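Here the sequence shown stands for residues -1 to 299, where the numbers follow this note's numbering.
To start, the structure itself, in structure tokens.
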Amino acid sequence: MPNLALPGNPRYQPKDLIPIFGYDNLATPLVEVELAAMNTLAAMDIIPAADLELLTPEVVQKLLAITMTDVDKVEREITKHDIRALVRLMQEILPEPLRRWVHVPLTSYDVLDTARPLQFIRAHKKVIEPKTRQVIGYLKDQAMRHIDQVQIGRTHGQHALPITVGFWFATILSRVLFNAQRMNEFRHGLVGKISGAVGTYNAQAGLGINGRSGIVFEDHVLHQLGLDPAPISTQILPPEPLAYYLFSALGLSASFGQLGRDSRHLMRNEIGELSELLLRIGELRCRGKGAGKLRLLVSNQ
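Have a look at this one:
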């Protein structure tokens, strides 16, 4: 059985992200970076064309099927190093003429720090952005539908001037839009790096391959993966691009949290305001199946 656990509490793990962040799937983008490097060496005529023909679709699929559990086992028992373990596993699958080209001329964090933003970009494009658009559409619809439905306003938890249900939804929608826009901006700042052990392309220069056949090695590798190169890096990528993206993700989750928190408080027995309101407008029923639907709506956002 594959280990597809996601970080955090298993009760709240989003199943749509398992193909990207499920534990055993974490090895896949690492393999993709290694394959992009090999394809670039072939484009530079460093790997002979006859040898590259041995990299058949069947071989590629076997390589992409390497799991993080496989890597962990080899690291623990043999290599004591994660990327060396991955390279060893790839070499066991590849035909003999191709084995020597794995990981040339990369350093470990060329692979690790390029695979990581690749994962977040895919998660954003395939899951986070489309699902956020769905929530935005829902909140917009609710805000307009209930624009005139009177609701108790509160300050410090005490009754204040009245607001409307549409206004309440609009306050949440405003936060969601702000954070979703920031996420989209910072997603475009996620970059990769194939710049070597200290960020100065020493291995590429030492082997005399950079610029061969008119190809810039880093640019060509990253282009295959849909990434831009960092303007400058050391052995690792500068942390700010990913940090800003993750902070905006935290802000988005906090704005969803407002909906959950407000709904939870307004459904308390001594308040009961939300349940009365929802029964009156006939949207959701907060008893029996209706309560389950409301909890599911809130928890899934």
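Even glycine gets a Cβ: it sits at the ideal position worked out from N, Cα and C.
Keep in mind that this is a model prediction, so the values were computed, not measured.
- Within the same chain, Ile134 come within 8 Å of Leu175 by CB-CB distance, once the 5 residues on both sides are set aside.
- The residue from Thr162, Pro93, Ala203, Phe245 with its alpha-carbon nearest to that of Glu56 is Pro93.
- For Gln149, the enclosing beta strand (DSSP E) begins and ends at 148 to 153.
- Following the DSSP letters along the chain, one finds Ala247 in no beta strand (DSSP E) but inside the alpha helix (DSSP H) bounded by residues 238 to 264.
- Contact annotation, Met88 with Val163: C-beta distance approximately 57 Å; criterion of less than 8 Å not satisfied.
- Within the DSSP secondary-structure output, Ile161 pairs in a beta bridge with Gln149.
- Sixteen is the threshold: since fewer than 16 other Cβ atoms of the shown chains lie within 10 Å of the Cβ of Asn1, the residue is exposed.
- The alpha-carbon of Ile145 is positioned some 18 Å away from that of Ser261.
- Counting every other CB atom within 10 Å of its CB across the protein chains shown gives Arg173 a total of 16 or more, marking it as buried.
- In the DSSP assignment, Gly204 falls within the unbroken alpha helix (DSSP H) covering 200 to 204.
- Setting aside the 5 residues that flank it on each side, Pro17 is surrounded in the same chain by Asn23, each with a C-beta closer than 8 Å to its C-beta; the list follows chain order.
- Leaving aside the five residues that flank Val69 on each side, the residues in its chain whose CB is nearer than 7 Å to its CB run, in chain order, Ala25, Asp80, Ala83, Leu84, Leu87.
- The Cβ neighbour count for His154, taken over all protein chains shown within 10 Å, is under 16; the residue is labelled exposed.
- Asp49: member of the alpha helix (DSSP H) spanning 47 to 50, first to last residue.
- In the pairwise beta carbon analysis, the region 92 to 111 is classified as not touching the region 124 to 139: fewer than three pairs are separated by under 8 Å.
- Asn37 and Asn208 have their alpha carbons spaced roughly 14 Å apart.
- Rounded to the nearest angstrom, the Cβ distance from Arg180 to Gly249 is 7 Å, consistent with a contact under 8 Å.
- Assigned with DSSP and collapsed to three states, Pro227 falls in strand.
- Around the beta-carbon of Tyr243, 16 or more other beta-carbon atoms lie within 10 Å, marking it buried.
- About 16 Å separates the Cβ atoms of Leu104 and Ala41, ruling out a contact at the 8 Å cut-off.
- Contact between Val31 and Ala141 does not hold, since their C-beta atoms are separated by about 44 Å, which reaches or exceeds 8 Å.
- Between Ile119 and Ala252, the alpha-carbon positions lie close to 21 Å from each other.
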